[in-house]
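Just so you know, the sequences run in chain order A and B.
For the first sequence, this note's numbering begins at -3 and goes up steadily by one.
For the second sequence, this note's numbering begins at -3 and goes up steadily by one.
Working notes, structure below.
There are 2 protein chains.
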Amino acid sequence: MLLKIDTAGSRPTDGHLAELAGERVCWSEFKYRRGTELFGEGEEADYVYEIISGAVRTYKLLSDGRRQINSFHLPGDVFGIENRAIHRFSAEAVVATKVRIAKRRSLLERMQCEKAGATSVLDFVTQNLHHAENHMLLLGRKTALERVAAFLLEIDERLAHPNVMDLPMNRRDIADYLGLTLETVSRALSTLRDDEMLRFEGTTHRQLVLLDRKRLAAQDV
Amino acid sequence: MLLKIDTAGSRPTDGHLAELAGERVCWSEFKYRRGTELFGEGEEADYVYEIISGAVRTYKLLSDGRRQINSFHLPGDVFGIENRAIHRFSAEAVVATKVRIAKRRSLLERMQCEKAGATSVLDFVTQNLHHAENHMLLLGRKTALERVAAFLLEIDERLAHPNVMDLPMNRRDIADYLGLTLETVSRALSTLRDDEMLRFEGTTHRQLVLLDRKRLAAQDV
DNA sequence: CGCGGAGTTGATGATCTTCAAACATGGTGG
DNA sequence: CCACCATGTTTGAAGATCATCAACTCCGCG
């Protein structure tokens, strides 16, 4: 929360890469070290972010420190588009992360002028809402095992079903995403391993191989 | 899910719906009996709804019947605006409910043509997202008592702090909204009553009086 | 080498769920 | 008008799931 933004190595570019917004939104690149804050809840929403590499968690806190992670953002994801001028949650780099940043106002203005642009911002927010609705179902009504299975399948999907899945986040992050404790997440993963639905690759237990996506999906409901 | 839409007492207006993307968005009124379905998950999203009286729950189901209610809609609320053509959840009347309905396409087209309109659809979806983010925090990280207190304050707020709060929904609905069981909700309400934060009015236990909103807010965190 | 961060696993315990029973309410039909 | 029944609510007792507390391992790194 109190960490400073780490702009070491920032490298403004002459961004043509705004597929989302049409032509002339100017993007620049920034790097964040592991654990540093991109923005905090309540801060002004000045920028829109696109992840180049790494991973970002967005979350809310209760006053006593309990944390709920809304979502993980992986390379290719765009986030930070807020309709209001104030961020409703905080964002931190899960690992060393490189992002492209654009001024939010200029982007939104451009997008709202054009009909196609307006649709795509709306699409974007709608996608977030869709994800949130599914996640409410998970948080409100699924068991620990179902949650962890759903998490694995979600990440697997977003990484395009790699042979070896490389988790950028630790067990506590996963737990705070799934509304569990890190021990429960660890136990669920061990159970899935014992049931031969996954296997750990290497020593770190951050790389894993999904052995049976069908049965994993059946854990979920 | 399998309930038929109840159009008893529907009052089809004389063909105004046939007006296409004309100048007026044409609303017509419908009534739904308690428990009837306005639309189901996966159905085409043809209409936008505004509640005149009554209440609506929107929810998702797991295959074994577990239910998560996303939100309750009360008089004045507009819902059913979906960016995609398919509803992502079901909607049912909690009690006898009167709504105004407009063709979704004509409405969206109108709203997207005008800059102000585009902003207001976006605002609308953003508000839903905001609510969903807060609700994920509740579902993932709050205790039963905190959830119930938060629920009471939310309804209180949306009813503009009435002296006597009239709950349209039963304990099971509340439970499925808060990710609890109906018994746990009942117990939490009894606890809050015993601690003199609320009082039941009348006999039904659906009307209640918040006696100390400050302390209720402190239950929440 | 020692240290800290991360993960696993075990024992215990708290919270919430499940199962069950009792009671109130409101509507319906005899 | 009352009996009757479905629906809704509360409360109790027992049980399951998950959280908490704690110990231990493994790894990377100064």
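C-beta: ideal position from N, C-alpha, C; glycine also.
Quick caveat, the model's predicted, so the values are computed rather than measured.
Residues of the region 39 to 65 of chain A that bring their beta carbon within less than 8 Å of a beta carbon in chain B comprise Lys56, Leu58, Ser59, Asp60, Arg62, Arg63 and Gln64, in sequence order. Secondary-structure assignment with DSSP links A/His69 through a beta bridge to A/Val52. Every alpha helix (DSSP H) of 4 residues or more that sits fully in the region 113 to 200 of chain B is shown, in chain order, as 140 to 154, 167 to 174 and 178 to 190. When Cβ pairs closer than 8 Å are counted between the two stretches, the region 135 to 155 of chain B is seen to touch the region 174 to 182 of chain B, the count reaching three or more.
The alpha carbon of A/His83 has as its nearest neighbour, out of B/Leu125, B/Ala51 and B/Glu37, the alpha carbon of B/Leu125. Comparing alpha-carbon positions, the option among A/Val117, A/Ser24, A/Ser116 and A/Arg137 lying closest to A/Ile47 turns out to be A/Ser24.
Short of 8 Å from the beta carbon of A/Leu207, and not among the five residues preceding or following it, lie these beta carbons of its own chain, in chain order: Glu192, Met193, Leu194 and Arg195. Chain A places a beta carbon closer than 8 Å to that of B/Glu129, counting this residue as a contact.
Rounded to whole angstroms, the separation of the alpha carbons of A/Ile65 and A/Leu57 is 9 Å.
The three-state secondary structure of B/Arg29, taken from DSSP, is coil. For B/Asn79, the chain A residues whose Cβ falls inside 7 Å of its Cβ are Leu118, Asp119 and Thr122, in order along the chain. With its beta carbon at least 8 Å from every one in chain B, A/Gly198 lies outside the interface. In the three-state DSSP reduction, A/Leu207 falls in the coil class, being neither helix nor strand.
Residue pairing of B/Glu46 in beta bridges, as defined by DSSP: B/Val74 and B/Arg96. DSSP lists B/Arg63 as the bridge partner or partners of B/Leu57.
Of A/Val21, A/Phe68 and A/Gly50, the smallest CA-CA separation from A/Ala128 is found for A/Phe68.
Note that the C-beta distance between A/Ala51 and A/Val91 is below 8 Å.
Of A/Lys94, A/Gln123 and A/Leu135, the smallest CA-CA separation from A/Leu70 is found for A/Lys94.
The C-beta distance from B/Glu78 to B/Leu34 rounds to 13 Å, too long to fall under 8 Å, and the pair is not in contact. Interface flag for A/Val21 against chain B is unset, since no Cβ pair is found closer than 8 Å. Restricting attention to A/Arg154, A/Glu150, A/Tyr55 and A/Val117, the CA atom closest to the CA of B/Arg137 is found in A/Tyr55.
When A/Gly76, A/Asp190, A/Arg29 and A/Gly72 are compared, the shortest CA-CA separation from A/Arg154 is found for A/Gly72. In the DSSP annotation of this structure, the continuous segment of the beta strand (DSSP E) that includes A/Glu88 starts and ends at Ser86 to Ala89.
Counting C-beta atoms within 10 angstroms of its own C-beta, A/Thr200 has fewer than 16 neighbours from the protein chains shown and is therefore classed as exposed. Distances from the alpha-carbon of B/Tyr173 to those of B/Gly36, B/Asp216, B/Arg63 and B/Arg30 put B/Arg63 closest.
Contact of B/Phe85 with chain A is assigned, a C-beta pair being separated by under 8 Å.
Within the model, the alpha-carbon separation for B/Gly76 versus B/Tyr43 is close to 7 Å. Residue pairing from DSSP places B/Ser24 in a beta bridge opposite B/Ile97.
Sequence-distant partners of B/Ala213 (beyond 5 residues in either direction) whose C-beta falls short of 7 Å from its own C-beta, in its chain, are Leu149.
Under a 10 Å Cβ-count criterion, A/Ala98 is classified as buried, with 16 or more other Cβ atoms of the shown protein chains found around its own Cβ.
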